[in-house]
Amino acid sequence: MSDKKVSPKRPYGENINKTIIQFAATAVFLAIFYALEKSIPLDTSQLTSPIDRLTYTVRWLFLSSTTIMFAMFGVLNVRGKTDAIDPLNGEAENLVELPNRILRNTTEQFILHASAVLTLSTFMDENSMRNIPLLVILFILGRLFYALGYNSAPSKRSFGFSMTFMPTLGTYAYCTYCVISSLLF
Numbered sequence: 475m476s477d478k479k480v481s482p483k484r485p486y487g488e489n490i491n492k493t494i495i496q497f498a499a500t501a502v503f504l505a506i507f508y509a510l511e512k513s514i515p516l517d518t519s520q521l522t523s524p525i526d527r528l529t530y531t532v533r534w535l536f537l538s539s540t541t542i543m544f545a546m547f548g549v550l551n552v553r554g555k556t557d558a559i560d561p562l563n564g565e566a567e568n569l570v571e572l573p574n575r576i577l578r579n580t581t582e583q584f585i586l587h588a589s590a591v592l593t594l595s596t597f598m599d600e601n602s603m604r605n606i607p608l609l610v611i612l613f614i615l616g617r618l619f620y621a622l623g624y625n626s627a628p629s630k631r632s633f634g635f636s637m638t639f640m641p642t643l644g645t646y647a648y649c650t651y652c653v654i655s656s657l658l659f
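What follows is the structure, given as structure tokens:
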């Protein structure tokens, strides 16, 4: 018998309704977060050159990358405390399936997030650079909520997923607009 948690299958309609509610909650959270953004004391007026802005962005992205380390620790924790310590044995690999999925998704999301934020920093002036820390904070919070939600029940991961993906998607859309505009005008 396996130690893997088996969750009861829920109908598609029930799962999609939960997901929609979590996406809506994310939209409300993001709106409030960006509304409060002006009250955060960040001075980015000294970031006048593109090199300064890229350096600032890379330093903030370092904080985003810590989410990958914490996801790795999640896998290591399970491996160190169970029979999954020997991955070649294969009999207990099911125990690390969930932490591995969290690690894989966090890595995928980080690659998209880093690409988007680095590109965004090339289109921003020094006053707009205060958005970089906000995107990083949202990413870290989103990954935390994703891991907590996924660990409690897979259907609860949507809030954290959308908290990282929606700002990244918005950043990609804005950067795409900027690239196309710079080519056409």
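All you need for our numbering is the position in the sequence shown, starting with 1, plus 474.
Backbone N, C-alpha and C fix where the C-beta goes; we use that ideal spot for every residue, glycine too.
Here the structure is a predicted model, which means the values were calculated and not measured.
Near Glu511, which residues of its chain fall below 6 Å by C-beta distance, leaving aside the five closest residues on each side in sequence?
Here residue 511 refers to the residue found at position 37 of the sequence shown. Excluding residues within five positions, the ones whose Cβ falls inside 6 Å are Leu608.
From Thr642, Leu658, Ala647, Phe659, residue whose alpha carbon lies closest to that of Ser538
By 1-based counting over the sequence shown, the position of residue 538 is 64. When only C-alpha atoms are compared, the closest one is Thr642.
Inspect the CB distances between the stretch 616 to 625 and the stretch 554 to 563 and report whether three or more fall short of 8 Å.
Touching, no, given that fewer than three Cβ pairs across the two stretches are closer than 8 Å.
Residue closest to Pro628, alpha-carbon to alpha-carbon, out of Glu571, Ser602, Gly644, Thr596
Position 154 of the sequence shown, counted from the start, is the residue given in the question as residue 628. Residue Glu571 is the option with its Cα nearest to Pro628.
Going by Cα to Cα distance, which pick from Tyr646, Gln496, Tyr486 is closest to Tyr624?
Your numbering for residue 624 matches position 150 in the sequence shown. Distances from the alpha-carbon of Tyr624 to those of Tyr646, Gln496, Tyr486 put Gln496 closest.
I believe Phe580 touches Ile542 by the beta-carbon criterion, under 8 Å. Please report the beta-carbon distance rounded to the nearest angstrom.
What you label residue 580 is simply residue 106 of the sequence shown in a count that begins at 1. What you label residue 542 is simply residue 68 of the sequence shown in a count that begins at 1. The question names Phe, but residue 580 is Thr in the sequence shown. Going by Cβ atoms, the distance from Thr580 to Ile542 rounds to 6 Å, so yes, they are a contact pair.
On the criterion of 16 or more Cβ atoms from any shown chain inside 10 Å, does Val610 qualify as buried, or is it exposed?
Walking along the sequence shown from the start, residue 610 turns up at place 136. By the 10 Å Cβ count, Val610 comes out buried.
Member of Ile559, Val552, Ile514, Phe635 whose CA lies at the smallest distance from the CA of Phe584
Here the question's residue 584 lines up with position 110 in the sequence shown. Comparing Cα positions, the closest option is Phe635.
Quick one: give me the first and last residue of the alpha helix (DSSP H) that Leu609 is part of.
Walking along the sequence shown from the start, residue 609 turns up at place 135. Here the alpha helix (DSSP H) through Leu609 covers 605 to 626.
Helix, strand or coil at Met475 according to DSSP, with G and I counted as helix:
Residue 475 sits at position 1 when you count from the first residue of the sequence shown. The predicted model places Met475 with a pLDDT of 42, which falls under 50 and marks its position as unreliable; any figure quoted below should be read in that light. Coil, per DSSP.
Within 10 angstroms of its Cβ, does Leu658 collect 16 or more other Cβ (buried), or is it exposed?
If you number the sequence shown from 1, residue 658 lands on position 184. Exposed, since its Cβ has fewer than 16 Cβ neighbours within 10 Å.
Please state the DSSP three-state secondary structure of Gly644.
Here residue 644 refers to the residue found at position 170 of the sequence shown. Assigned with DSSP and collapsed to three states, Gly644 falls in helix.
Alpha carbon to alpha carbon, how far is Ser655 from Ala621?
Along the sequence shown, one-based indexing puts residue 655 at 181. Along the sequence shown, one-based indexing puts residue 621 at 147. C-alpha separation (whole angstroms): 38 Å.
Simplified DSSP state of Ala566, which is helix, strand or coil:
Numbered from 1 along the sequence shown, position 92 holds the residue referred to as residue 566. Coil.
Assigned exposure category for Val591 - 16 Cβ within 10 Å defines buried
Taking the sequence shown and counting its residues from 1, the one referred to as residue 591 is at position 117. Val591 is buried by the Cβ-count criterion.
If you measure between the beta carbons of Ser602 and Thr493, is that distance less than 8 Å?
Position 128 of the sequence shown, counted from the start, is the residue given in the question as residue 602. Position 19 of the sequence shown, counted from the start, is the residue given in the question as residue 493. Result no, Cβ atoms of Ser602 and Thr493 do not sit closer than 8 Å.
The alpha helix (DSSP H) with Gln520 in it runs from where to where?
Counting from 1 along the sequence shown, the entry for residue 520 is found at position 46. In the DSSP annotation of this structure, Gln520 is not part of any alpha helix (DSSP H), being labelled neither H nor E.
Can you tell me which of Ala558, Ile576, Leu577 puts its alpha carbon nearest to the alpha carbon of Asn568?
In the sequence shown, the residue the question calls residue 568 occupies position 94. The residue with the shortest Cα to Cα distance from Asn568 is Ala558.
DSSP three-state assignment for Glu571, whether helix, strand or coil
The residue you call residue 571 lines up with position 97 of the sequence shown. Helix.
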